[in-house]
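Residue numbers (this note's numbering): 55 to 229.
Glycine residues also receive a C-beta, built at the ideal position from the N, C-alpha and C atoms.
Just so we're clear, the structure is a prediction, and the values are computed from it rather than from any experiment.
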């Protein structure tokens with residue numbers, strides 16, 4: 055159902071630096087996410103947009119970030135369909151949802167960049183799942199219901215990467 059892998063302090067620091075220098079989406083990627091509730095607009099009912107901000111990052115114009123992701127995950131960046139930040143202030147929550155409503159996804163990678171002091175627990179398929187700053191949670195966000203409980207104290211920031219890798223059956227048909 056899900057995997058949790060380690061990320062070192064150095065890897066996390068490098069990732070945060072790349073994210074801080076990232077640019078917004080452009081071109082076709084921008085057109086794709088503009089209609090996605092929550093990511094491209096604030097018409098989602100999954101969260102309070104005054105407390106949780108989803109910040110989309112570009113795919114074609116953040117080459118160093120994509121290269122870092124390829125090295126860390128071992129997955130070719132051509133399979134990334136979206137990358138964004140979730141910035142949750144105190145009181146923010148993310149109701150359980152699926153990721154594939156507007157953007158195709160087979161795997162969702164969740165990197166926790168800043169842990170709240172209280173609350174902000176990661177929910178996956180109805181259960182609280184460990185997600186702290188030195189762990190990366192990997193799951194099929196299009197298949198498993200997931201969300202975040204209310205942040206009671208502090209802020210919670212996460213970096214989300216959506217991959218859409220072809221299944222074995224799809225791969226065979228591409229040959």
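Span separating the alpha-carbon of residue i from that of residue j
i: residue 106; j: residue 83; result: 22 angstroms
i: residue 76; j: residue 70; result: 10 angstroms
i: residue 177; j: residue 122; result: 27 angstroms
i: residue 86; j: residue 157; result: 8 angstroms
i: residue 174; j: residue 150; result: 13 angstroms
i: residue 167; j: residue 210; result: 8 angstroms
i: residue 117; j: residue 217; result: 16 angstroms
Under 9 angstroms between C-beta atoms of residue i and residue j
i: residue 215; j: residue 127; result: yes
i: residue 72; j: residue 108; result: no
i: residue 188; j: residue 62; result: yes
i: residue 80; j: residue 114; result: yes
i: residue 206; j: residue 172; result: yes
i: residue 152; j: residue 197; result: yes
i: residue 159; j: residue 58; result: no
For residue i, the three-state DSSP class (helix, strand or coil)
i: residue 81; result: helix
i: residue 86; result: helix
i: residue 221; result: coil
i: residue 109; result: strand
Beta strand (DSSP E) runs contained entirely in the region 127-195, provided each spans 3 or more residues: Segments of the beta strand (DSSP E) lying fully in the region 127-195: 134-142, 148-151, 161-168, 176-178, 181-183, 189-193.
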